[in-house]
Amino acid sequence: MDLFLSLLNMTVEASVPYLLITIGGVFVARAGVFNISMEGCTEFSAFAGILFTFVTGKIWVGVICSILLALFINFVFYIFTVKLNGNLSVVGTGINLMAACIPASLLSALFFTRSNLIATNIINPADMMYDVPILRSIPVLSDILNRQTLITYLTPFIVFGLILVMYKTKFGIYVRVTGENPSAAQAVGIKTNRIKMYCLLISAVTCALAGLNLSVEKLGMYTINMSANRGFICLSAINCGRKEPGKACIYALIFGFVRALQTIINNFVPVAISSLLGIMPYVAIIVVLLIVEIPNARKNHLRCFRDLA
Amino acid sequence: MAKDKSVNRLISIGNIVIPLILAFIVGSIFSILSRCNPFTLYGYIIKRAFFSVGGILNTLGYATPIIMTGIATAFSIKAGIFNMGIEGQVFVGAFTSALAGYMIKGLPVFIHVPLCLLIGALSGALYALVPGLLKAKLRINEVVTTVMMNSIATQVTGFLTQSYLSTGDAYAHTEFILESARLSKFISKYRCTTAIFIALAIWLVIYFVLKKTKFGYEIECIGRQWEFSDSVGMRVSRKVIIIFVLGGLIAGVAGATEIMGVNYNFVSTFSANPGIGWDGFYACILSASNPVGILIYAIVFGALRYGALAAQTWLGVPLDLINVIKSTLVLFGAIKLCTVYSEQIKGFFFKKKAVKAEHQAQEV
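As they're listed, the protein sequences go chains V and A. Position 266 of the first sequence, counting from 1, maps to 267 under my numbering, and the rest follow consecutively. Position 324 of the second sequence, counting from 1, maps to 327 under my numbering, and the rest follow consecutively.
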């Protein structure tokens with residue numbers, strides 16, 4: 002029972018970045034932009050959060066700088082793809098590749114290490130956990146939900162807020178129309194480019210929060226390749242959920258659960274095998290994609306002439 | 004009209020030159036951050052990579068796998084498929100050929116070497132079959148699956164090298180391959196091996212296939228409009244699988260030659276930072292999957308890789324700096340600035356003519 006509770010606790014903790022990246026990515030995907038640079042954006046914001054915290058000694062500076070950097074990256078993505086007609090995948094790959102090497106080269110240029118930047122003298126990860134009095138008094142829930150970080154508590158509100166925005170506001174309708182039929186949207190006077198920009202900026206903020214959750218809140222340090230393909234995992238969560246925010250978030254939770262399961266199992270197996278367990282999330286994604294897509298296999302068959310006959 | 008043509012050529016040259024300039028500016032900023040004069044660095048890299056026999060051989064040695072991975076990527080990019088799994092397939096091919104190199108004993112060289120290459124190629128192809136089938140039959144986005152498969156390949160091969168196949172040394176590696184499975188080097192000190200002939204042969208074949216055969220034409224069609232290609236009777240899903248498998252085949256050979264020519268054993272860092280698969284991907288993207296461009300970029304990247312390694316030891320500049328330059332090239336190479344502003348550029352060149360024509364029109 003204890004194990005099960007700690008598994009759930011770990012799931013809550015591990016799902017936060019997935020949920021955040023997914024819910025922002027859904028907006029971008031709905032607006033008809035295929036954005037694979039979420040990975041790079043998360044990595045950059047995780048790095049910037051720690052870097053600026055370390056340099057200035059104040060956490061809030063790190064947080065603000067990281068969000069600004071994420072906004073800047075997605076704005077660059079917007080300019081390059083929407084305004085200058087760059088190929089979405091190439092620009093996205095470019096940003097991802099930059100995210101893989103710029104932190105490393107900055108670290109080795111400024112701090113003479115290549116692997117990590119530790120700011121635990123400024124950030125105490127234990128202090129980042131908040132004890133909520135109401136939760137503490139409820140027996141089972143306190144084990145699962147209490148003593149989490151601030152962004153963890155914010156995540157459900159962000160997710161539900163953005164789902165409401167998607168389905169209950171004018172902006173949400175504009176986003177959906179932009180993705181489904183851009184020319185119709187333009188014909189009724191919706192500025193599709195601007196809508197795409199707003200979606201990318203929303204995604205930037207959520208990616209930044211995910212990155213901050215990974216680096217600043219949980220560990221107080223940055224290590225190379227911190228986002229560990231989370232951007233791509235969330236991309237597949239969005240695809241599995243057919244770009245619907247609710248469903249996509251459920252898939253994000255599943256992937257978070259697998260990640261938590263991996264962490265838990267890790268404690269019970271020899272060290273040699275634990276390195277093999279690292280493939281669990283990736284295998285899980287391919288299996289989930291398979292399960293989701295197999296029922297649609299027949300629909301995918303596209304033979305126009307045969308259908309007409 | 005002739006002028007129009009020359010302006011078009013200017014535009015296409017500008018599309019290549021502007022990203023280069025921007026990338027080198029960004030590279031310079033990072034090189035100043037690492038306390039090194041950028042011009043010293045660039046000069047040093049060029050000097051080390053091209054101005055000696057050893058330098059050229061090393062450059063070619065680093066370029067060999069990149070030629071293969073680049074051409075492997077070119078297939079899929081031409082067909083509009085973003086196959087990012089070349090790196091994983093390189094790992095699988097390298098791993099299996101390293102195993103075949105020491106486990107199969109007692110064969111003469113002229114059988115053992117092709118056998119190892121074949122095993123590497125086939126395992127790479129098998130590994131590529133998975134995302135290929137997923138893409139062709141279920142329309143699952145290939146970017147996600149191939150990136151996941153890359154992580155799986157690196158982790159599984161790393162795990163096997165560490166546990167079951169380790170030799171008990173301080174760093175994890177498999178046993179050295181036998182003498183009979185090794186590709187010979189031109190000069191034993193330098194990196195270039197006979198694998199370069201394999202790479203060039205593959206390059207020639209693929210060049211021919213892409214430019215002169217029905218299959219190459221169909222790939223191009225699928226890249227432009229796959230729904231149309233499907234409805235006029237090209238079997239798109241079958242072609243997609245073939246594209247993935249061929250890419251995996253070539254990637255497997257690339258990994259195998261790297262082990263059989265250079266490393267002689269499998270270590271999980273043999274293609275690190277950023278990996279020969281990724282270098283091929285960069286080369287392919289930057290040259291817009293033009294085979295000649297891939298060859299040129301592969302040699303440039305080989306030079307950069309060797310020069311950067313030399314610079315790391317002698318100038319203390321981190322290797323990541325070169326990756327920063329490369330990734331900036333990819334980012335700025337994605338946008339064709341001169342094409343976007345082609346009207347303005349043409350307007351700039353034809354201004355006088357246009358004004359003159361206007362005057363004539365007014366006079367009439």
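Just so you know, even glycine gets a beta-carbon here, dropped at the ideal spot from N, CA and C.
Secondary structure within the segment 111-163 of chain V: the beta strand (DSSP E) runs of 3 or more consecutive residues, fully enclosed, are 117-119 (chain order).
8 Å or more divides the Cβ of residue 36 of chain V from the Cβ of residue 147 of chain A. The beta carbon of residue 278 of chain V sits closer than 8 Å to those of 263, 266, 267 and 270, all from its chain and outside the five residues before and after it, given in chain order.
Membership of residue 71 of chain A in the alpha helix (DSSP H) is indicated by the continuous run 56-81.
Identification of chain A residues near residue 286 of chain V by a Cβ-Cβ cut-off of 9 Å yields 147, 148 and 151, ordered along the chain. With a threshold of 8 Å between beta carbons, residue 321 of chain A makes contact with chain V. Assigned with DSSP and collapsed to three states, residue 2 of chain V falls in coil, not helix or strand. Note: residue 223 of chain V is bridge-paired with V:118 in the DSSP secondary-structure output. Collapsing the DSSP output to three states places residue 192 of chain A in coil. Secondary structure at residue 231 of chain V: helix, using DSSP grouped into helix, strand and coil. Around residue 194 of chain V, the same chain offers 83 as residues with beta carbons nearer than 7 Å, after the five sequence neighbours per side are excluded. For residue 179 of chain A, no alpha helix (DSSP H) encloses it, and the DSSP letter there is neither H nor E. Sequence-distant partners of residue 66 of chain A (beyond 5 residues in either direction) whose C-beta falls short of 6 Å from its own C-beta, in its chain, are 301, 302 and 305.
Assignment of residue 290 of chain A by DSSP, reduced to helix, strand and coil, places it in the coil class. Assignment of residue 109 of chain A by DSSP, reduced to helix, strand and coil, places it in the coil class. From the listed residues V:99, V:212 and V:230, the smallest Cα separation to residue 153 of chain A is found for V:230.
A Cβ-Cβ distance of about 4 Å is found for the pair residue 214 of chain V and residue 152 of chain V, placing them in contact under the 8 Å criterion. For residue 230 of chain V, at least one C-beta of chain A is nearer than 8 Å to its own C-beta. Straight-line spacing of the CA atoms in residue 43 of chain V and residue 225 of chain V works out to 12 Å. In terms of Cβ geometry, residue 265 of chain A and residue 164 of chain A do not form a close pair [threshold 8 Å].
150, 151, 152, 154, 155, 158, 159, 161, 162, 165 and 166: these are the residues of the segment 150-171 of chain A whose beta carbon lies less than 8 Å from some beta carbon of chain V, given in chain order. With the criterion set as a beta carbon lying under 8 Å from some beta carbon of chain V, the members of the segment 298-331 of chain A are 321, 323, 324, 326, 327, 329, 330 and 331, in sequence order. Look at the segment 76-106 of chain V: the residues with a C-beta under 7 Å from a C-beta of chain A are 81, 85, 86, 87, 88, 90, 91, 92, 94, 95, 96, 98, 99, 101, 102, 103, 105 and 106. Residue-level contact by beta carbon holds for residue 277 of chain A and chain V, with a gap shorter than 8 Å.
For residue 52 of chain A, same chain residues with a beta-carbon under 7 Å away, outside a window of 5 residues either side, are 58, 62, 306, 309 and 310 in chain order. DSSP places residue 134 of chain A in the helix class (H, G or I) of the three-state scheme. In the structure shown, residue 270 of chain A adopts coil according to DSSP, grouped into three states. Here residue 155 of chain V has 210 as same chain residues with Cβ atoms under 8 Å from its own Cβ, once five neighbours each way along the sequence are excluded. Residue 165 of chain A: member of the alpha helix (DSSP H) spanning 145-165, first to last residue.
Residue-level contact check: residue 233 of chain V touches chain A, since one or more beta carbons of chain A fall below 8 Å from its beta carbon. Taken in chain order, the complete alpha helix (DSSP H) segments of 4 or more residues contained in the segment 243-269 of chain V are 246-267.
Taking every protein chain shown into account, the CB of residue 317 of chain A has fewer than 16 other CB atoms within 10 angstroms, so this residue is exposed. Contact annotation: in the segment 107-138 of chain V, residues whose CB is within less than 8 Å of a CB in chain A are 107, 109, 110, 111 and 115. Look at residue 24 of chain V: its C-beta is not under 8 Å from any C-beta on chain A. Unbroken alpha helix (DSSP H) runs of no fewer than 4 residues, entirely contained in the segment 311-343 of chain A, are found at 323-337 and 340-343, following chain order.
In the displayed model, residue 279 of chain V falls within coil according to three-state DSSP, outside both helix and strand.
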